[in-house]
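Presented below is the structure to which this report refers.
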Amino acid sequence: MTKAYKIILLFLIFCAWPTIARAATLSLVPSTGSHSVGDTFSLTVIVGSADQAMNAASGQISFPADKLVVASVSKDASVISLWVEEPSFSNSDGTVRFEGVVLNPGFIGASGKIITIHFRAKAPGEATIMFTSGSVLANDGQGTNILSEFKKSTFVLKSLSSTAPVEASLSQDEDVDETLSDEGAPIVVSATHPDTSKWYANKNPEFSWKLPNDALEVRTLIGSFPRSVPTISYRPPISSKKVDDLPDGTYYFHLQIRTNEGWGAIAHYRVNIDTTPPKAFAITFPHGNVGTDNRPVVLFNTTDDLSGIDYYKVKTGDRDFYTLLPGDVVASNPHVLPLHTPAIHSIEVLASDMAGNVSRAQGSFEVVGLKPPQITNVPKEISEGDLFIIEGRTYPNATVVGVLENAEEEEEEEAKLADGQSTFTNMLGRFTLIWPARLKPGKYTFTAFVIDQDGVTSAEAPPIFIRVKSQGFLSFNILGLQPLLFIGIIVIALFIVENTMRYVFHRLYGAENKAQKQIECIEQEVNSALPKMRDEVSKGKDINKVSKAAMDSLERMEKILINQHKK
0 MTKAYKIILL
10 FLIFCAWPTI
20 ARAATLSLVP
30 STGSHSVGDT
40 FSLTVIVGSA
50 DQAMNAASGQ
60 ISFPADKLVV
70 ASVSKDASVI
80 SLWVEEPSFS
90 NSDGTVRFEG
100 VVLNPGFIGA
110 SGKIITIHFR
120 AKAPGEATIM
130 FTSGSVLAND
140 GQGTNILSEF
150 KKSTFVLKSL
160 SSTAPVEASL
170 SQDEDVDETL
180 SDEGAPIVVS
190 ATHPDTSKWY
200 ANKNPEFSWK
210 LPNDALEVRT
220 LIGSFPRSVP
230 TISYRPPISS
240 KKVDDLPDGT
250 YYFHLQIRTN
260 EGWGAIAHYR
270 VNIDTTPPKA
280 FAITFPHGNV
290 GTDNRPVVLF
300 NTTDDLSGID
310 YYKVKTGDRD
320 FYTLLPGDVV
330 ASNPHVLPLH
340 TPAIHSIEVL
350 ASDMAGNVSR
360 AQGSFEVVGL
370 KPPQITNVPK
380 EISEGDLFII
390 EGRTYPNATV
400 VGVLENAEEE
410 EEEEAKLADG
420 QSTFTNMLGR
430 FTLIWPARLK
440 PGKYTFTAFV
450 IDQDGVTSAE
460 APPIFIRVKS
470 QGFLSFNILG
480 LQPLLFIGII
490 VIALFIVENT
500 MRYVFHRLYG
510 AENKAQKQIE
520 CIEQEVNSAL
530 PKMRDEVSKG
540 KDINKVSKAA
550 MDSLERMEKI
560 LINQHKK
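Using numbering that gives the first Met the number 0, the final residue of the sequence shown is 566, and nothing's skipped along the way.
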């Protein structure tokens, strides 16, 4: 084999490779057809991948919006198992879009249905339907695009005789106002379904209209297509019609009147019927239905297949219902209930659809109050001016509020000393509360309550009685000594001084008459000082003042001795 021949062979293989790899097609079936204006017909989107497994397909299809209208798109019996983009259409833009995935091992075959498009012919002429973009991806782990060909369809649309009855299949998604009748059509009203845009739980609609003086015949029809030509004839003409026991759904009442001039324009009147309540639902509590939170959190939600959810109503206990719109539930679900006191409460939720049908769910929850703080150390008796310190334990990282009241005051405003003094607990739940103000003598009651991190408040702890003593004769304490003992020490000290003076004078001077005079002076000073100290103590004076008086007396006695010694 020559070198040139090898190069040519490799070139041919290289050129042929894309054709081998790209072996999938997207087709529209049927490819041709002929229909009259007002007819409906179906067009199926087909994927073909006979040689290689595919696992994804997407496409955009265009159609002449002036000649065709999409009534609906169906996914029934599709090879697509997961839709990345739900099939959609726009009658104003003349487009249909889809994108989906086939799960492992993918699809292999010559004719796999993706979607079915239902068209209605709206104007005569030729209508070409084609792909403007698309892809078919191989199930090779790399997502290789193996699409090799698009196939289009062309239809001939013919004019329709004005007298032929037609069921025009037109979806509610058409970009026109379906409630408007043809120009010059009779006006239809309904006493049972007066608003064509609203839903009603009445399945027996009534319609009425005015007949012109020269009316000869009336044709009516009710069905699911918005722009049908009525086929049921009434001669002589009627001016009202009642339809009984219609299933839930959207219907269109069609009316046409014949006069001497022939058949007139057709009136179309829409009615929406929904007699089925929203789907059953339950109330759940994501944090449990028993807890200390006095604003419990609840979950509830439901759907309605036809008219949709209009609103929810919520009621707890004996309270009145309050209303939540579906958007409110979506934005605040889980829903936080209003404030509740510790107790067992019932809850009821009503879900109403647009037609007024109601589903209800019921449940209950219990708010458990926080336990009061436990006081572990509190003085039952303190002296006036001493610090009032309380210790205890409760929930960690919480706020403890102490309340102190004067038990001897009758008026509540006078009895309550303050709105409460607060402190914080540590990670172990322990706390120390130091009352900021010095307490006056009297009897008091102390209690406390706790507020946790969620703002939940406990009941008050049992009251504790405290007595504050006055700083009087039996209340002073200095260096650990009681006042009587202190006074006794002073008296003994003065007595020792007095006798010591006697001995010193007697030894040093040997003059008894001189010493006697000095002792008399000292005795006078002691006799003068002791009553003053007793008087100070009895009046509840500060012990420091009493001590100072004793020291002053000692200093005066010392001066007497010094003066006598100099003489």
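Note that CB positions come from ideal geometry on N, CA and C, so glycine has one too.
If you reduce the DSSP assignment to three classes, tell me which class P325 lands in.
Taking the sequence shown and counting its residues from 1, one reaches residue 325 at position 326. Collapsing the DSSP output to three states places P325 in a helix.
The beta strand (DSSP E) enclosing T219, as first and last residue numbers:
In the sequence shown, the residue the question calls residue 219 occupies position 220. Counted as a single uninterrupted DSSP element, the beta strand (DSSP E) harbouring T219 occupies residues 216–222.
Under 8 Å between the Cβ atoms of I308 and T301?
In the sequence shown, residue 308 corresponds to position 309, counting from 1. In the sequence shown, residue 301 corresponds to position 302, counting from 1. The Cβ atoms of I308 and T301 lie closer than 8 Å to each other.
Take R234 and list the residues in its own chain whose beta-carbon comes closer than 6 Å to its own, dropping the five residues that flank it on each side.
Locating residue 234 in the sequence shown gives position 235, where the first residue counts as 1. The residues are E216.
Close Cβ partners of S132 (< 7 Å) along its chain, the five nearest in sequence each way excluded
Sequence index remark: in the sequence shown, residue 132 carries index 133 (1-based). Closer than 7 Å at Cβ, skipping near neighbours: G58, Q59.
Please return the same chain residues whose Cβ sits closer than 7 Å to the Cβ of D453, not counting the five positions on each side in sequence.
Translated into the one-based positions of the sequence shown, residue 453 becomes position 454. The beta carbon of D453 is closer than 7 Å to those of D292 in its chain, skipping five residues each way along the sequence.
Please specify which runs of the beta strand (DSSP E), each continuous and at least 3 residues long, are wholly inside the stretch 331–391, giving them in chain order.
Segments of the beta strand (DSSP E) lying fully in the stretch 331–391: 342–352, 357–366, 373–376, 380–382.
For G183, name the three-state secondary structure that DSSP assigns.
Position 184 of the sequence shown, counting from 1, holds the residue named residue 183. In the three-state reduction of the DSSP assignment, G183 falls in the coil class, being assigned neither a helical nor a strand state.
In three-state DSSP terms, what is W208?
The count along the sequence shown starts at 1 and reaches residue 208 at position 209. Note: W208 maps to strand in three-state DSSP.
So, does the stretch 110–117 touch the stretch 42–62, judging by three or more C-beta pairs under 8 Å?
Short answer: they touch.
For K575, name the three-state secondary structure that DSSP assigns.
Because residue 575 is not part of the residues shown, which for the chain are 0 to 566, the question remains open.
Which whole-angstrom value is the C-beta distance of V366 and H334, which I expect to be below 8 Å?
Taking the sequence shown and counting its residues from 1, the one referred to as residue 366 is at position 367. Taking the sequence shown and counting its residues from 1, the one referred to as residue 334 is at position 335. Here V366 is actually not in contact with H334; their C-beta atoms are around 16 Å apart, not less than 8 Å.
Can you tell me where the beta strand (DSSP E) holding R312 begins and where it ends?
Residue mapping note: residue 312 aligns to position 313 of the sequence shown, counting from 1. For clarity, residue 312 is Lys in the given sequence; the question names Arg instead. Counting along the chain, K312 sits inside the beta strand (DSSP E) bounded by residues 308–315.
If the criterion is Cβ atoms closer than 8 Å, does the pair P204 and V242 meet it?
By 1-based counting over the sequence shown, the position of residue 204 is 205. By 1-based counting over the sequence shown, the position of residue 242 is 243. At the C-beta level, P204 and V242 come within 8 Å of one another.
Kindly give me the distance between the Cβ atoms of S223 and T24, rounded to whole angstroms, as I take these residues to be in contact under 8 Å.
Mapped onto the sequence shown, residue 223 falls at position 224. Mapped onto the sequence shown, residue 24 falls at position 25. The Cβ separation is near 35 Å, so there is no contact.
Could you tell me which uninterrupted alpha helix (DSSP H) segments, each at least 4 residues in length, are contained entirely in the stretch 52–113, listed from first to last along the chain?
For the stretch 52–113, there is no continuous alpha helix (DSSP H) assignment of 4+ residues that stays within its boundaries.
Chain-order list of residues whose beta-carbon lies under 8 Å from that of P246 (same chain, five-residue window excluded):
The sequence position of residue 246 within the sequence shown is 247, counting from 1. Close CB contacts of P246 within its chain, under the 8 Å cut and outside five residues either way in sequence, are with K202, I272 (chain order).
Taking I463 as the reference, give the member of F299, D451, V402 with the closest Cα.
Against the sequence shown, residue 463 aligns to sequence position 464. Comparing Cα positions, the closest option is V402.
Starting from the C-beta of G355, find all residues in its chain whose C-beta is less than 7 Å away, skip the five residues before and the five after it, and write them out in chain order.
Sequence index remark: in the sequence shown, residue 355 carries index 356 (1-based). The residues are A200.
Looking at K468 and the ligand NAP, is the gap between the Cβ and the nearest heavy atom below 7 Å?
Annotation note on the ligand NAP: not contained in the displayed structure, which lists no ligands.
Residues that R429 bridges to, as DSSP identifies them:
The residue you call residue 429 lines up with position 430 of the sequence shown. Partner(s): R392.
Nearest neighbour of R392, chosen from L349, T444, G441, F448 [CA to CA]
Counted from its first residue, the sequence shown places residue 392 at position 393. By alpha-carbon distance to R392, the top candidate from L349, T444, G441, F448 is F448.
Taking 6 Å as the limit between beta carbons, can you name the residues of its chain near T283, skipping five residues before and five after?
Taking the first residue of the sequence shown as position 1, residue 283 is located at position 284. Only L298 meet the Cβ criterion.
Please classify L305: does DSSP put it in a helix, a strand, or coil?
One-based indexing of the sequence shown puts residue 305 at position 306. Of the three classes helix, strand and coil, the one that applies to L305 here is coil, per DSSP.
Which residues bound the beta strand (DSSP E) around Q420?
As a working mapping, residue 420 is identified with position 421 in the sequence shown. From DSSP, the beta strand (DSSP E) with Q420 extends over 420–423.
Could you tell me the boundaries of the beta strand (DSSP E) in which K197 lies?
In the sequence shown, residue 197 corresponds to position 198, counting from 1. Counting along the chain, K197 falls outside any beta strand (DSSP E), and DSSP gives it neither H nor E.
Boundaries (first-last residue) of the beta strand (DSSP E) holding A126
Locating residue 126 in the sequence shown gives position 127, counting from the first residue. DSSP places A126 inside the beta strand (DSSP E), whose first and last residues are 124–137.
Thinking C-alpha only, which one of K209, Q141, S196, A184 is nearest N54?
On the sequence shown, position 55 is the one that residue 54 refers to. With respect to the C-alpha of N54, the residue from K209, Q141, S196, A184 having the closest C-alpha is Q141.
Which term fits D319, buried or exposed, when burial requires 16 or more other beta carbons within 10 angstroms of its beta carbon?
The residue given as residue 319 occupies position 320 in the sequence shown. Per the 10 Å Cβ criterion, exposed.
Starting from the C-beta of A279, find all residues in its chain whose C-beta is less than 7 Å away, skip the five residues before and the five after it, and write them out in chain order.
Against the sequence shown, residue 279 aligns to sequence position 280. Taking A279 as the centre and dropping the five residues before and after it, the same chain places the C-beta of S358 closer than 7 Å to its C-beta, in chain order.
Excluding the 5 residues preceding and the 5 following I433 in the sequence, name in chain order all residues of the same chain whose CB lies nearer than 7 Å to its CB.
Indexing the sequence shown from 1 puts residue 433 at position 434. Same-chain partners within the cutoff: L386, I388.
Per DSSP, L254 is paired with what?
Within the sequence shown, numbered from 1, the residue matching residue 254 stands at position 255. T219, A266, per the DSSP bridge assignment.
For K468, the three-state DSSP class (helix, strand or coil)
Looking up residue 468 in the sequence shown gives position 469. It is a strand residue.
Continuous beta strand (DSSP E) stretch holding S189: start and end
The count along the sequence shown starts at 1 and reaches residue 189 at position 190. Looking at the DSSP string, S189 is not in any beta strand (DSSP E), and its letter there is neither H nor E.
Along the beta strand (DSSP E) that carries A23, what are the first and last residues, could you check?
Sequence index remark: in the sequence shown, residue 23 carries index 24 (1-based). For A23, the enclosing beta strand (DSSP E) stretches over residues 23–28.
Of all the options N396, A49, I450, I145, which has the alpha carbon lying nearest to the alpha carbon of K370?
As a working note, residue 370 is residue 371 in the sequence shown. Checked all of N396, A49, I450, I145; the closest Cα to K370 is I450.
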